[in-house]
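Order-wise, the sequence lines are chains A and B.
For the first sequence, our numbering puts the final residue at 438, and the numbers step up evenly by one.
For the second sequence, our numbering puts the final residue at 438, and the numbers step up evenly by one.
Below is one structure; the comments refer to it alone.
2 protein chains.
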Amino acid sequence: MTEEIFIGKDALTQAQSLLANKAYKTVVVLVDENTFVHCYPLLKSHLPESHHVVQIPSGEENKTLATCEHVWRELTNLHLDRWSLVVNLGGGVLTDLGGFCASLYKRGIRFVNVPTTLLAQVDASVGGKTGIDFMGFKNHLGVFREPVAVLVNPDFLHTLDLRQIKSGYAEIIKHWLIADAEMFKAQRYIGLFTEDWTPLIEHSIKIKSRIVTADPLENDLRKVLNFGHTIGHAVESYFLEKPGQMLLHGEAIAVGMLCEAWLSVQKGLLSPEELDQIETFLHSIYEKVPLQESGLAAISQLCLHDKKNSGATINCTLLERIGMAVYDQPITLQEVQSALRYYQLL
Amino acid sequence: MTEEIFIGKDALTQAQSLLANKAYKTVVVLVDENTFVHCYPLLKSHLPESHHVVQIPSGEENKTLATCEHVWRELTNLHLDRWSLVVNLGGGVLTDLGGFCASLYKRGIRFVNVPTTLLAQVDASVGGKTGIDFMGFKNHLGVFREPVAVLVNPDFLHTLDLRQIKSGYAEIIKHWLIADAEMFKAQRYIGLFTEDWTPLIEHSIKIKSRIVTADPLENDLRKVLNFGHTIGHAVESYFLEKPGQMLLHGEAIAVGMLCEAWLSVQKGLLSPEELDQIETFLHSIYEKVPLQESGLAAISQLCLHDKKNSGATINCTLLERIGMAVYDQPITLQEVQSALRYYQLL
């Protein structure tokens, strides 16, 4: 199954024949309390009239097995069969969890992702990774399974605050850092400003799709997409346990990208000049995340649970230069801690 | 990934190089309280010394998300990475659940099935279906994913009582009914007696593998394997809720095969003479399951949740003749109830 991707203000209209396909006996839209209010009204008219809505609570803290159980109960009570469709309307948490629920229900029913955050539009909803958190580890349980289609409508971004836009922007920057030096150099003076997100989203999805198509199951090349994520995920998991201090995904990835870019310099890969450029750009957008000394050991321990690791070796994606990443670079716990200290002192 | 199948008294020895492959960082054996005592001692010497054991409670009533959570916690605490191997040592409940747990952990780690019951040896452990029960529905959550290998050692059968042997035999009979009239006719006079199960197991696995290879994701042909299972699963689910009256899988499938063979006659497919032969053979082996009038409606309702259905239509596999099945035959709730009444009156 290959996903079809529709991007632009007409994405929902273009996909209407797909959503209202009579082959689907039942269509269920998965929403959270935010997307139900702000996004569902936009989507509603493109769905068959008889669709159902299932709501889950928003937020990374709800990306759990308990939420999945709720979804599976609802799907079962609606007598959903294998010829049904689940439409995931929300950010990355919702599309990851919704894809996971659909992939396991009766050994897999079809789903469509309608990402409503910039983060989900450029990253989470594309590429066939589904999953939930478990025991505090991000996406610890999951499967690879592609949606039937991804509908990316930039109009949904009007419902976001600046913090969420910045969070998604981190993944856009990541795509430039690993695969497009030209775009990085051109955009770093422009920062967050854009009149129309469509071309930036399109470009980012194109980079990601190219990589994922070459290596869908993350045996090798796809690992470059994890730049910033080895340390970034650990930082995110660490703050997930601290009530009131939770970071958005992109905020944690910004920390991770800085730490891993610094490690790239230590390993003789990236030049200090390019690290400077990355620092300057990221600092112009992201506020510094306060890391306590007491947290450094905990965060580096969390890196041990990264899915890319092999045994006690932490495998990281580093930068050879801006626009070129190398994967499976072993780093030690000590190196992670040194990188976090570098970040602390920035 | 295609599964390798080793059958016979040397299966474990033959697979030793696979089990002790140094590419696996950690090997975990999943057992229940029975296989730990009766089967693990046979397997132990074929595993790398440093392997771990994780135990779950036996029984269909434990084929649940809660048991999976326990397994995932253990795997996480053992720091299992993607280069680890899970060895499922047990009957169909354990191999289904263990395969499911391995397939989701970190988006999928490798697993080997070592089926210890006749049922699991000829059916559950082969073919890449994994799953657990949910809300009383059998295998309601699951994924398709093949084990690296299946190790079928008939020596494990010495640990079984006659009731469990009969349960597995039902799936052997099913394979004859859908695909090998010669074997059915030859074996129906022999019944359960055999000096060595290896050739019967081998023959049954060959039938199943041929069908699964032609249609791994059950889009069409694979559905023939569900003969006896539309009504059989419903009967099994129904008795799952009745403490002390639980049926073994094969016992329920024997009921299902009779009911669905009877329906095949009603639909003008199977001849009454062949139905007679099936009745006589199955009666010589299986005791009659007492169905109360009050249960008939409940059982037929449960058929509505079969994964092969499309909307409110129950899709069933029927027999055209002994040795030849036809799938996607729509049957009504009334027809299911009539079939159950036929069984009641037998």
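Glycine included, each C-beta is placed from N, C-alpha and C at the ideal position.
Just so you know, these numbers come straight off a predicted model, no measurement behind them.
Cutoff 7 Å; reference Thr187 of chain A; Cβ partners in own chain excluding five residues on either side: As a first step, residue 187 of chain A must be located in the first sequence, where it is residue number 95. Within the same chain, Thr187 of chain A has close Cβ partners Asn180, Asn205, Pro207, Ala212, Ala216, Ser217.
Run through DSSP, which three-state label would Val240 of chain A get? Residue mapping note: residue 240 of chain A aligns to position 148 of the first sequence, counting from 1. In the three-state reduction of the DSSP assignment, Val240 of chain A falls in the coil class, being assigned neither a helical nor a strand state.
For Glu166 of chain A, collect the residues of the same chain with a Cβ closer than 7 Å to its Cβ; drop the 5 residues on either side in sequence, then sort them by chain order. Here residue 166 of chain A corresponds to residue number 74 of the first sequence, with the count starting at 1. Same-chain partners within the cutoff: Val146.
Using a threshold of 7 Å, state whether the C-beta atoms of Leu394 of chain A and Ser329 of chain A are closer than that. The count along the first sequence starts at 1 and reaches residue 394 of chain A at position 302. The count along the first sequence starts at 1 and reaches residue 329 of chain A at position 237. Closer than 7 Å, so yes.
Sort B:Gly182, B:Met227, B:Phe319 by Cα distance to Thr251 of chain B and report the nearest one. As a position in the second sequence, residue 251 of chain B is number 159, starting the count at 1. Comparing Cα positions, the closest option is B:Gly182.
Could you check the C-alpha separation between Val249 of chain A and Val327 of chain A for me, to the nearest Å? As a first step, residue 249 of chain A is located in the first sequence; it is residue number 157 there, counting from the start. As a first step, residue 327 of chain A is located in the first sequence; it is residue number 235 there, counting from the start. Here residue 249 of chain A is Leu; the residue named in the question, Val, does not match the sequence. A direct Cα-to-Cα measurement between Leu249 of chain A and Val327 of chain A gives close to 26 Å.
Option nearest Val242 of chain A by Cα separation, candidates A:Gly219, A:Gly228, A:Asp225, A:Ile257: As a first step, residue 242 of chain A must be located in the first sequence, where it is residue number 150. Comparing alpha-carbon positions, the option among A:Gly219, A:Gly228, A:Asp225, A:Ile257 lying closest to Val242 of chain A turns out to be A:Gly219.
Exposure of Gln384 of chain B, with buried meaning 16 or more beta-carbon neighbours within 10 Å: In the second sequence, counting from the first residue as 1, residue 384 of chain B sits at position 292. Exposed: under 16 other Cβ atoms inside 10 Å.
Just to make sure I have the definition right: I need the residues of chain A whose C-beta is within less than 9 Å of the C-beta of His325 of chain B. Which are they? Position 233 of the second sequence holds residue 325 of chain B. Near His325 of chain B there are no residues of chain A at all, since even the closest Cβ is about 13 Å away, more than 9 Å.
Relative to chain A, which residues along the segment 142 to 175 of chain B have a C-beta separation below 9 Å, given in chain order? Against chain A - using a Cβ distance shorter than 9 Å - the residues of the segment 142 to 175 of chain B are Leu157, Cys160, Glu161, Trp164, Arg165, Thr168, Asn169, His171, Asp173, Arg174, Trp175.
Indicate the three-state DSSP secondary structure (helix, strand or coil) for Ile264 of chain B in the structure shown. Walking along the second sequence from the start, residue 264 of chain B turns up at place 172. Here DSSP, grouped into helix, strand and coil, assigns Ile264 of chain B to helix.
On the CB-based measure, 16 or more other CB atoms within 10 Å of its CB, does Ala115 of chain A come out buried or exposed? Here the question's residue 115 of chain A lines up with position 23 in the first sequence. Answer is exposed; the Cβ neighbour count stays below 16.
Does chain E have any CB closer than 7 Å to the CB of Gly191 of chain A? The structure shown has no chain E; the protein chains it does contain are A and B.
Nearest to Leu437 of chain A by CA position, among A:Leu292, A:Phe203, A:Trp354, is which residue? Residue mapping note: residue 437 of chain A aligns to position 345 of the first sequence, counting from 1. It is A:Trp354 whose Cα lies nearest to the Cα of Leu437 of chain A.
Please state whether DSSP places Pro207 of chain A in a helix, a strand or coil. Here residue 207 of chain A refers to the residue found at position 115 when the first sequence is read from its first residue. Annotated three-state conformation of Pro207 of chain A is strand, per DSSP.
Measure from the alpha carbon of Tyr261 of chain A to the alpha carbon of each residue in A:Leu309, A:Phe319, A:Gln279, A:Leu210, then state which is nearest. Counting from one through the first sequence, the residue named residue 261 of chain A turns up at place 169. Among A:Leu309, A:Phe319, A:Gln279, A:Leu210, the Cα nearest to that of Tyr261 of chain A is on A:Leu210.
Going by alpha carbons, who is nearest to Ser142 of chain B out of B:Ala158, B:Ala112, B:Glu153? Indexing the second sequence from 1 puts residue 142 of chain B at position 50. By alpha-carbon distance to Ser142 of chain B, the top candidate from B:Ala158, B:Ala112, B:Glu153 is B:Ala112.
Classification of Tyr439 of chain B by the beta-carbon crowding that lies within 10 angstroms, buried from 16 upward: Summary: the structure shown does not reach residue 439 of chain B, with chain B confined to residues 93 through 438, and so no result is reported for it.
Given Asp272 of chain B, which residues of its chain have a CB within under 7 Å of its CB, disregarding the five upstream and five downstream residues? Against the second sequence, residue 272 of chain B aligns to sequence position 180. Correct list, in chain order: Ile299, Gly415.
Start-to-end residues for the alpha helix (DSSP H) that takes in Ala291 of chain B: Walking along the second sequence from the start, residue 291 of chain B turns up at place 199. One detail in the question is off: residue 291 of chain B reads as Pro in this sequence, not Ala. Element bounds for Pro291 of chain B: 290 to 306.
Is it right to say Ala431 of chain A is buried, meaning 16 or more other beta carbons lie within 10 angstroms of its own, or is it exposed? Working through the first sequence from its first residue, we reach residue 431 of chain A at position 339. Around the beta carbon of Ala431 of chain A, 16 or more other beta carbons sit within 10 angstroms, so the residue counts as buried.
Any idea if Leu170 of chain A is buried or exposed, counting beta-carbon neighbours within 10 angstroms, 16 or more meaning buried? Taking the first sequence and counting its residues from 1, the one referred to as residue 170 of chain A is at position 78. By the Cβ-count criterion, Leu170 of chain A is exposed, with fewer than 16 other Cβ atoms from all chains shown falling within 10 Å of its own Cβ.
Beta-bridge partners of Asp124 of chain A, as assigned by DSSP: Locating residue 124 of chain A in the first sequence gives position 32, counting from the first residue. According to DSSP, Asp124 of chain A bridges with A:Ile148.
Could you say which of B:Arg413, B:Asp368, B:Leu309, B:Glu427 lies nearest to Leu396 of chain B if we only look at CA atoms? Taking the second sequence and counting its residues from 1, the one referred to as residue 396 of chain B is at position 304. Considering only alpha carbons, the answer is B:Glu427.
Give the secondary structure of Ser142 of chain B by DSSP, where H, G and I count as helix, E and B as strand, and everything else as coil. Start at 1 with the first residue of the second sequence, and residue 142 of chain B comes out as number 50. In this structure, Ser142 of chain B counts as coil in the three-state DSSP scheme.
Compare the C-beta of Gly234 of chain A against all C-beta atoms of chain B and say whether one is closer than 7 Å. On the first sequence, position 142 is the one that residue 234 of chain A refers to. Chain B, which has a Cβ nearer than 7 Å to the Cβ of Gly234 of chain A, makes this yes.
Which of the residues in the segment 345 to 376 of chain B, read from start to end, lie with their CB under 8 Å from any CB of chain A? If the cut-off is 8 Å between Cβ atoms, the segment 345 to 376 of chain B has nothing near chain A.
According to the Cβ coordinates, are Lys315 of chain A and Thr409 of chain A closer than 7 Å? Here residue 315 of chain A corresponds to residue number 223 of the first sequence, with the count starting at 1. Here residue 409 of chain A corresponds to residue number 317 of the first sequence, with the count starting at 1. In this structure, Thr409 of chain A lies closer than 7 Å to Lys315 of chain A by Cβ.
Short CB-CB distance (under 7 Å) between Lys266 of chain B and chain A: Start at 1 with the first residue of the second sequence, and residue 266 of chain B comes out as number 174. Nearest CB-CB separation between Lys266 of chain B and chain A: not below the 7 Å threshold.
At what residues does the beta strand (DSSP E) containing Tyr197 of chain B begin and finish? Mapped onto the second sequence, residue 197 of chain B falls at position 105. For Tyr197 of chain B, there is no enclosing beta strand (DSSP E), since its DSSP letter is neither H nor E.
So if I threshold CB-CB distances at 8 Å, which residues from the segment 178 to 203 of chain B count as touching chain A? When CB distances to chain A are screened at a threshold of 8 Å, the residues of the segment 178 to 203 of chain B falling below it are Ser195, Leu196, Tyr197, Lys198, Arg199, Gly200, in chain order.
Quick check on Lys117 of chain B - is its C-beta less than 7 Å from some C-beta in chain A? Mapped onto the second sequence, residue 117 of chain B falls at position 25. By this cut-off, Lys117 of chain B is an interface position.
Where do the N-terminal and C-terminal ends of the beta strand (DSSP E) with Met416 of chain B fall, by residue? Within the second sequence, residue 416 of chain B is the residue found at index 324, counting from 1. Met416 of chain B -> beta strand (DSSP E) spans 416 to 423.
What are the start and end residues of the alpha helix (DSSP H) that includes Phe226 of chain B? Looking up residue 226 of chain B in the second sequence gives position 134. No alpha helix (DSSP H) holds Phe226 of chain B; the beta strand (DSSP E) holding it covers 224 to 226.
On the DSSP letters alone, give me the boundaries of the alpha helix (DSSP H) that Val347 of chain A sits inside. Stepping through the first sequence from its first residue, residue 347 of chain A is reached at position 255. Unbroken alpha helix (DSSP H) run through Val347 of chain A: 341 to 358.
Can you pull the chain B residues whose beta carbon is under 7 Å from the beta carbon of Asn401 of chain A, in chain order? For the purposes of this step, residue 401 of chain A is taken as the residue at position 309 of the first sequence. The contacting residues are Asp173.
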